[in-house]
Structure formats: C-alpha cells, structure tokens
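*Asks:* Heads up, the sequence shown is in this note's numbering, so the first residue is 1 and it goes up one at a time. Glycine included, each C-beta is placed from N, C-alpha and C at the ideal position. Handing you a structure now.
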Amino acid sequence: MEAEVRYLVDTNVWLERLLDQDKSNIVKRFFDIISPESIYVSDFAMHSIGVILSRLNKLDVLSRFIEDLFSNGRIEQLSLDAKELLDVVNNMGKFKLDFDDAYQFTVALKYGLTIVTFDKDFDLRGVKKQSPDDIIKT
Numbered sequence: 001m002e003a004e005v006r007y008l009v010d011t012n013v014w015l016e017r018l019l020d021q022d023k024s025n026i027v028k029r030f031f032d033i034i035s036p037e038s039i040y041v042s043d044f045a046m047h048s049i050g051v052i053l054s055r056l057n058k059l060d061v062l063s064r065f066i067e068d069l070f071s072n073g074r075i076e077q078l079s080l081d082a083k084e085l086l087d088v089v090n091n092m093g094k095f096k097l098d099f100d101d102a103y104q105f106t107v108a109l110k111y112g113l114t115i116v117t118f119d120k121d122f123d124l125r126g127v128k129k130q131s132p133d134d135i136i137k138t
C-alpha cells in the first residue's frame, strides 16, 4: 500500500486564494481534491499571512481564514523549536534560500512533507516540491 503524500502549503499558495489572485481557481481545485488531513501550514506562514492581510486591512479575511483552517477545518500548524532555527540558517547557506523559504524547507524536511508552492526558489535537487497545478494533473 502506497503512503499518502502529505503537503506543507507555502505562504504564496494560501495568499493566492485569499487575495483572489490569478491562480486562485487552481488553488481552489487543489484544496477540493486533497484531504484536509494531508495539508499542513507552518507557523511562519501563518504569521506572514497575518502580517500581509493586516497591512492590506483585510482583518475579516484573516479571521475567516483562521476559522476555516483551525476551527472548521482539520489543518495542523507545524513549527520548529529554537534549536532547529540553526538548521534554517544552514539551509539558507546550503541552498541559497532566504529565511522564509529556508524555514518552510526545514519544516518540510522535519515532518517528511512535500512543499506545495508556486515559488521557483524551491526548484532544487533534494527538495520535495510540487505546484498546485502539478498535483491537480496527477
């Protein structure tokens, strides 16, 4: 029996849907076909989304998002402990990633997840990454 793939959804994917951007419908289809129990979000992504939506004065969107994910949904938030932040720094140097991408990458490694992103910075050898488009097509 094949193990179910588990996904760490990157900040840009969540924002694509929340802000109704160009690829919003692709993201919607991804969320429609993937079980919520297979979807994870990092604490860093949640904080980034909170900062961005608050700057855009979209607190209503942020509130609904939090309720949908954690109250109504079954999405689990994952984090790193303080010592694992050194792994983030090491991954920044090793893979030439900025802090947010290295954080996502480190969370994905820790929990054995595939990163779901539109970000080309993850096009690296050894990184389990797919775009929502890739997943929809399979």
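(1) What is the residue span of the alpha helix (DSSP H) that Thr114 lies within?
(2) Per the DSSP calculation, Leu78 is bridged to which residue(s)?
(3) Can you name the start and end residues of the alpha helix (DSSP H) that Leu86 belongs to?
(4) With DSSP as the reference, please indicate the residues paired to Tyr7 in a beta bridge.
(5) Check for me: the alpha helix (DSSP H) holding Ile135 runs from which residue to which?
(6) Look up Lys129 in the DSSP assignment and give the residues it is bridged to.
(7) Determine the direct distance from the alpha carbon of Glu76 to that of Tyr111, and round the result to whole angstroms.
(8) From what residue to what residue does the alpha helix (DSSP H) around Ile26 run?
(9) Residues in the same chain with beta-carbon distance under 6 Å from Gly73, minus the five sequence neighbours each way, listed in chain order, please.
(10) Go ahead and pull the three-state DSSP assignment for Asn57.
*Replies:* Quick look at the numbers:
(1) Stepping through the sequence shown from its first residue, residue 114 is reached at position 114. Counting along the chain, Thr114 falls outside any alpha helix (DSSP H), though it belongs to the beta strand (DSSP E) covering Thr114 to Val116.
(2) Start at 1 with the first residue of the sequence shown, and residue 78 comes out as number 78. DSSP output for Leu78 lists Ser42 as bridge partner(s).
(3) For this step, residue 86 is matched to residue 86 along the sequence shown. That run of the alpha helix (DSSP H) goes Leu85 to Phe95.
(4) On the sequence shown, position 7 is the one that residue 7 refers to. The partner list for Tyr7 (beta bridge, DSSP) reads Ile39 and Thr114.
(5) The count along the sequence shown starts at 1 and reaches residue 135 at position 135. Ile135 -> alpha helix (DSSP H) spans Pro132 to Lys137.
(6) Position 129 of the sequence shown, counting from 1, holds the residue named residue 129. Ile115.
(7) Residue 111 sits at position 111 when you count from the first residue of the sequence shown. Residue 76 sits at position 76 when you count from the first residue of the sequence shown. C-alpha separation (whole angstroms): 12 Å.
(8) Taking the sequence shown and counting its residues from 1, the one referred to as residue 26 is at position 26. Ser24 to Ile33 is the extent of the alpha helix (DSSP H) around Ile26.
(9) The residue given as residue 73 occupies position 73 in the sequence shown. Contacts found: Pro36.
(10) Taking the sequence shown and counting its residues from 1, one reaches residue 57 at position 57. In the displayed model, Asn57 falls within coil according to three-state DSSP, outside both helix and strand.
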